[in-house]
Amino acid sequence: MPDKEDKLIADILEFFRSNPDRRYTSEQVEDALRMHGASAFKRVVKALAVLEGEGKITLTNKEEFKMTQQTQVLEGVFKANEKGFGFVRYDEVEPDAFVTKNHTLHAVNGDEVEIQITKPSNPWDDKGPEAKVTKIIERSIDKIVGEFHPYSDVQVKKSGHFGYIQSHEKRLASYMIFISDKGLHPQMGDMVQVSIDEYPNDAHPQSMEGTALEIIGNKNDPGVDIISIVLDNDINPEFPKEVLKAAEEIPDHVTEADRQGRKDLTKNTVITIDGDDSKDFDDAVEVEKLENGNFHLGVHIADVTHYVREGSPIDDEAYERGTSTYLVDRVIPMLPFRLSNGICSLNPGEDRLALTCEMEINPQGDVISHDIFPSVIQSKYRMTYNNVNEILKGDEELTAQYAALTPMLKDMAELHEILFNKRHERGAIDFEETEAQIIVDENGKPIDIKLRNRGVSERMIESFMLAANETVAENYNLKHVPFLYRVHEKPDEEKVKNFFEFVAAIGVEVKGNLKDIKPKMFQSVLAKVADTPEEPVVTIMLLRSMQQARYSDNPLGHFGLAAEYYTHFTSPIRRYPDLIVHRMIHEYAENGFTDKEKEKWSSKLSPIAEHTSSRERKSIDAERAVDDLKKTEFMEDKVGEEFDAVVSSVTSFGMFIQLENTVEGLIHISNMKDDYYEYDEKSMSMHGRNTGKIFKVGQAIKVKLIRADVEHRQIDFERVLNKEEQEAADKREAEFKKRRASHSRPTYRKGGNSRGNGKGNSGRGGKGGQNNHKRRGKYESR
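The sequence shown begins at 125 in our numbering and counts up by one.
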C-alpha cells in the first residue's frame, strides 16, 4: 500500500483513538478529515475496511464505526518518570503503555501493576497504547534509603513525625518519607534505611510514611555512600549469624569421603588464570594438543553444591542474594568468604572438588566428543592475565620462569583462535569495550580511572568458558530434560530499525532483512567501524538496541553469541544459576532421567529463573550506581577544566558526551547558547537554526565541566566555544535579558529545565555499566 494510504489509515485510527466512545459513519469520518469527492470517499472506505479487518475498529448494526473496546486486564511493571507520568511494560514485543500522571494510582517506580488500556496503540503511526493503572499488585520496595532531615520539637509534636528522609535516587527523590517517632532517631545528615509503612495515596501523593530501621552513618563518613546504594538495592552486605555458623562447620580441606565417586585428576597440569587481585577462583583449565591434530580442553569448575546443600541456611541465603556484587572497593559475595575464598576456591597446590567438562575439539572448532563428571583436581599454577599476555608476547624473563607451562599456554592461544573464528563465522557479536577501573584510596576517595583493553589471555579464558557453557547446555537439551538456560532473545524490531538508521547516517551500509534479524548483521557493522572514532559510540548504540539477557527454563538461544544452546555453568561461587545447574547435573547423574526427577525440576526452574534474573538486575544497578557515584566524585574538583569528548547520545533535551576516561555527562540544551538548537529524532542529531551546525552521535567535541553533583550523581558540561561562537552566544544572551526585562516570553530554550525528554527516557537512561571481566563477563564469558 502506498505511503499516503498508510498515512490515511494512521490518521483515521488516531481520530478514533481520540474519540474512543463515539460512533461515526463513513461520511462523518470523511468530513472530519476534510476529505471530499468520490475518490476520497473510496480511500476512506478502503482504510476503514483495513482497520476493521485488523480488529482496531468495529462496525455496528447501524452502519457506524467505533473504536474496539479492549476490556482485557493486563499486568506489567510500572516505570516512573520524574514528572509524574509513567510507562508500563506488559509484553516483550508490544510497545509500553503510557500512563498519564492522573492515572498512575500513585504507583512507585518498579511496582507490579494491573492496567486497563484506555487508548489502543496505533501501529500505523508508531504510537503506543495509553492506559490507566487499576490495581497495584505488588510493591517494588518495602525499604528505602535516604538522607535524614530532622523536625523541631514543635513540628514533632504537631505532626507526630520525627523528621523525614529523601532518596538520592532520581526516580524517588521527589518523595518525602516521613519518619515516625517510634523508631530509631537519626541525626541530621545521616543516611537511614526506612521500612515503608504507608505508600503514596490521594491525600498524600508525594509522600510516604515509615520507620527508621538502620542508621548507616553520616553521609560524609567514608564508605557510607556505597553502603547506602547497596542497601537501597536490597543487597545485604552482611551474612546472618546462622549462615556464618553453618559455613564454619564445613571442613577447610577435601576429606577422603569427599573423593568417593570422583575421577582423580590431581596429577593433571591444571591452572587458573585470573586478574591480579582475584581471590576466588571458580574455574581452572588445561589444554593438550592431541596426535590427531585435535585439542583436548578440560574446564574444571568448583563443585560448590557439594558444600552448599539444598535447603541449608547457606543455600537459602545464596538464593536470596542470587549473585555476588562487585563494587569499586569491595565485593559483596554470594557465599561466605570461608567458602568463596577457601574450600570452594581452586587455590594453587590444594586438592579441590570440581565438576569437569572435558571436550575434544577439532581444528574447525567443533566439539566432537565431551564428558561431564565430578572430579578432584589440584591447580598447579595461579597465573594472572597480565603475565600470560606477556608470555604470549615473548617476554623472556617470564617465559623462562614458566618454562614448563609455556608450551601449553601457546596451545591455549591457538585453540582460542580456532574457537573465536568458529563463533565469528556463525555470527557472534564480539564487543571490544574498554574497561574502566576506578582506583580509590583507603577512605574510598577516587584518585584515578585506569583504562584497560582485554588481551589474548582474557579472551582465551572467555572462549574456553563459552565452549563449556554451550556444551553443557546442548548435552542436557538433547536429553529432553528440564534445564536452566541463559537466554538472549532477538532485539526489538523498532530498536533495530533505529540502530540501522543511525549507522546509515554515519555512512555504514547494512545488508539484511529487518524482518529476519541475524547476529551477522550487527557483526558486520562492528567490523566496518573497527578502529575508527565511531567505534565506541556504535558499540554503545548497539548495546542499547539489544534485549537484556536473562535466565529461563526454555532453550530460547543466545542471539549475541549466535548460540542455539547456552547456560551458565562456570561460576557457581558467584552466581546462583550456575550452582543450580551443578545441582541438576549431580541429581540427574545420581537419580537418572526419571519422570519423578523431571517433574521435580520442571516445577522449580521457572521461579528460580525469574528470581535470579531479578537479583542480577539489582546487582548491576548497584554496580552502575557506585561507578557513577565515584566517577562524579572523581570529577568534583575538576569543575572549570576542559576535556576532549565524543557525543554518545543526542536527545530532545541535550547531548550526552563521554570523556576518554569513560566519564559521561550532559550538555543540556539550555547550555547550548551559541544558537537556537532543534532535535532531529530521525537522525538523532541537534541542528543549529541560524548557524547550520549539526551535532550527532560519535562526533568529537571539546567540553568544559560546569557541575559535578555527587549527591545525585549527575555531571554537566558545556561546549567550549571559539571566539566567533562566543560572540554569538553573548549576543543571544543579551537579547534574552532584554526580552525578559520587557516581560516578553523567551522562546529560545527548547526542552525546559528537565533532564528528561518527556518520552519515558528520564534522566540518564541507557548508560552501560563497566564490564569487569570477573564481574559480569564481557559477553557471558564466565
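Don't be surprised by glycine CBs; every beta carbon is placed ideally from N, CA and C.
Original post:
Roughly how many angstroms lie between the CA atoms of N465 and D382, to the nearest whole one?
Top reply: 19 Å
Subject >> First and last residue of the uninterrupted beta strand (DSSP E) at E937 >> reply: The structure shown does not extend to residue 937, since the chain spans only 125 to 906, so no value can be given for it.
Subject >> Collapsed DSSP secondary structure at H328 in the structure displayed >> reply: coil
**OP:** Going by CA-CA distance only, name the one from D475, T480, N226 that's closest to Y505.
**Re:** D475
**OP:** Check whether the Cβ atoms of I563 and K546 lie closer than 9 Å to each other.
**Re:** no
**OP:** Could you check which residue in C481, S264, D840, T595 has the C-alpha nearest to that of T691?
**Re:** For T691, the nearest C-alpha among the options comes from T595.
Original post:
Helix, strand or coil: which one does DSSP assign to S878?
Top reply: Annotation note: pLDDT 39 at S878 (below 50); position unreliable, coordinate value reported separately. S878 falls in the coil class under three-state DSSP.
Subject >> Spatial distance of S448 from A408 (CA atoms) >> reply: 19 Å
**OP:** Report the residue from G764, I709, S676 whose alpha carbon sits nearest the alpha carbon of P731.
**Re:** S676
**OP:** Please state if the CB of E154 and the CB of V174 are separated by a distance shorter than 9 Å.
**Re:** no
Subject >> Given 8 Å, three or more beta-carbon pairs between the region 533 to 549 and the region 721 to 731 >> reply: no
**OP:** Give the single residue among F607, V257, E659 whose Cα lies nearest to the Cα of Y689.
**Re:** The shortest Cα separation from Y689 among F607, V257, E659 belongs to F607.
Original post:
Among V318, T429, D345, which has the Cα closest to the Cα of R698?
Top reply: T429
Original post:
Cβ of N416 less than 9 Å from any chain B Cβ?
Top reply: Protein chains in the displayed structure number just one, and chain B is not present.
**OP:** Flag this pair as yes or no: are the beta carbons of L421 and M483 separated by less than 9 Å?
**Re:** Yes, these two residues count as a Cβ contact at 9 Å.
Original post:
Considering only residues of the same chain and omitting the five flanking positions on each side of V763, which have a CB-CB separation below 8 Å?
Top reply: L829, I830, R831, A832
Subject >> Per-residue burial, Q317 [other beta carbons within 10 Å of its own, 16 or more giving buried] >> reply: buried
Subject >> Cα-Cα separation, D398 to L459 >> reply: 19 Å
Original post:
Closest to D702 by CA distance: which of T656, R674, E714, E723 is it?
Top reply: Per the Cα distances, R674.
Original post:
Do the region 656 to 671 and the region 707 to 717 meet, that is, are 3 or more Cβ pairs less than 8 Å apart?
Top reply: no
Original post:
Three or more C-beta pairs closer than 8 Å, one from the region 273 to 280 and one from the region 251 to 264: is that the case here?
Top reply: The way I'd put it, the region 273 to 280 doesn't touch the region 251 to 264; fewer than three beta-carbon pairs between them come closer than 8 Å.
Original post:
Straight-line CA distance for E380 to D400?
Top reply: Those two C-alpha atoms are separated by around 33 Å.
**OP:** State yes or no: is the C-beta of A297 within less than 9 Å of the C-beta of S304?
**Re:** Contact: no.
Subject >> Close Cβ partners of I351 (< 7 Å) along its chain, the five nearest in sequence each way excluded >> reply: I340, P361
Original post:
In the structure shown, what three-state DSSP assignment does R167 receive?
Top reply: helix
Original post:
Between which two residues does the beta strand (DSSP E) carrying E199 extend?
Top reply: 197 to 204
Original post:
If you scan the region 611 to 643 from start to end, which runs of the beta strand (DSSP E) of 3 or more residues do you find wholly inside it?
Top reply: none
**OP:** Tell me the start and end of each unbroken beta strand (DSSP E) in the region 664 to 713 that is at least 3 residues and wholly inside, in chain order.
**Re:** Runs of the beta strand (DSSP E) inside the region 664 to 713: 674 to 676.
Original post:
By DSSP, does Y872 sit in helix, in strand, or in coil?
Top reply: Per-residue confidence for Y872 stands at a pLDDT of 36, beneath the threshold of 50, marking its modelled position as unreliable; the derived number appears in the next sentence. Residue state, collapsed to three classes: coil.
**OP:** For my contact list, L915 and F767 are in at a C-beta cut-off of 8 Å; report their separation, rounded to the angstrom.
**Re:** Residue 915 lies beyond the residue range present for the chain, which begins at 125 and ends at 906; the question has no answer from this structure.
Original post:
Thinking C-alpha only, which one of E760, N601, E434 is nearest E711?
Top reply: E434
**OP:** Tell me where the beta strand (DSSP E) around F419 begins and ends.
**Re:** 419 to 426
Original post:
Between N226 and A255, what straight-line distance do the alpha-carbon atoms span, to the nearest angstrom?
Top reply: 11 Å
Subject >> Secondary structure, alpha helix (DSSP H): runs of 4+ residues fully inside the region 253 to 330 >> reply: 277 to 283
Original post:
Considering V452, what are the terminal residues of the beta strand (DSSP E) in which it resides?
Top reply: Where V452 is concerned, there is no enclosing beta strand (DSSP E), given that its DSSP letter is neither H nor E.
Subject >> Residue(s) in a DSSP beta bridge with R908 >> reply: As displayed, the chain neither begins before 125 nor continues past 906, which places residue 908 out of reach and without an answer.
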